[in-house]
Each structure stands twice: as structure tokens, then as C-alpha cells.
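In the numbering used here, the protein residues as written are 13 to 110.
Backbone N, C-alpha and C fix where the C-beta goes; we use that ideal spot for every residue, glycine too.
Since we're looking at a predicted model, the values are computed, not measured.
Everything below concerns the one structure shown next.
Structure (C-alpha cells):
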């Protein structure tokens with residue numbers, strides 16, 4: 013597993029699809045999970061998971077699109093700014109009831 017720094021926190025980064033393919037190819041060429049684990053410095057558990065993923069889906073591509081981050085509550089920021097300009101004299105409670 014490789015790591016990246018995001019907002020000064022150490023975050024895990026998914027293994028590349030190329031590496032996943034090489035690992036599965038190594039298994040199909042007759043190497044054991046233990047041997048493959050030692051060659052690529054990957055845990056046996058990870059290799060077993062990739063093997064199952066390949067069996068179930070036909071590929072070993074990592075999941076994508078689930079790290080979307082926080083979504084904005086206000087999607088139309090310009091419309092919101094206009095709303096605030098028109099209602100600048102109201103409290104947040106009054107704005108919420110509008």
C-alpha cells in the first residue's frame with residue numbers, strides 16, 4: 013500500500029491497476045499466494061481479495077468515485093448570494109423560514 017499526504021494527514025492510496033494485473037498474472041502462471049506476496053511485498057489477504065474480485069467481476073480495477081468529499085449544501089452559490097443581498101436585514105432564523 014502506498015501513502016499520500018492529504019491536508020497533513022497520511023491517507024492510504026489504492027494499488028495501481030497495473031500492479032493488480034501483474035499479481036493476478038503471477039498467480040495464473042503457477043506461483044503461490046505466499047510467493048506472490050513476497051515478490052510484490054503485498055499482504056496475502058490483499059492478494060486473496062483481488063483474486064476473489066477477479067473471480068466475481070472479471071477484473072481487478074479498484075473502486076472509484078466513492079471519495080467524493082463533502083458536498084456543498086448550497087449548490088447555486090450565485091443565487092444564494094442574490095437571496096442574501098435581498099434579505100440582508102433578516103436573521104438566520106428568518107432566512108431559514110423563507
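Contact check, residue 45 vs residue 33, beta carbons under 8 angstroms: To locate residue 45, count along the chain shown from 1; it is residue 33. To locate residue 33, count along the chain shown from 1; it is residue 21. No; because the gap between Cβ atoms is not below 8 angstroms, this pair is not in contact.
Hey, would you say residue 117 sits closer than 8 angstroms to residue 36, going by beta carbons? Given a span of 13 to 110 for the chain in the structure shown, any question on residue 117 remains unanswerable.
Length at least 4, wholly inside the region 22 to 61: the alpha helix (DSSP H) runs in chain order: Qualifying alpha helix (DSSP H) stretches, in chain order: 29 to 40, 45 to 52.
Kindly examine the ligand GTP and report whether one of its heavy atoms sits closer than 7 angstroms to the Cβ of residue 45. Inclusion of the ligand GTP in the displayed structure is not the case, the ligand content being empty and no account of it being possible.
Quick check on the burial criterion: 16 or more other C-beta atoms within 10 angstroms. Buried or exposed for residue 104? The count along the chain shown starts at 1 and reaches residue 104 at position 92. The residue is exposed, with fewer than 16 neighbouring Cβ atoms inside 10 Å.
Same chain, Cβ closer than 7 angstroms to residue 65, neighbours up to 5 away in sequence not counted: For the purposes of this step, residue 65 is identified with residue 53 of the chain shown, where counting begins at 1. Hits under 7 angstroms: 72.
Look up residue 95 in the DSSP assignment and say whether it is helix, strand or coil. Here residue 95 refers to the residue found at position 83 of the chain shown. Residue state, collapsed to three classes: helix.
Provide the residue span of the alpha helix (DSSP H) that contains residue 110, from first to last. Indexing the chain shown from 1 puts residue 110 at position 98. Neither: residue 110 is in no alpha helix (DSSP H) and is coded neither H nor E.
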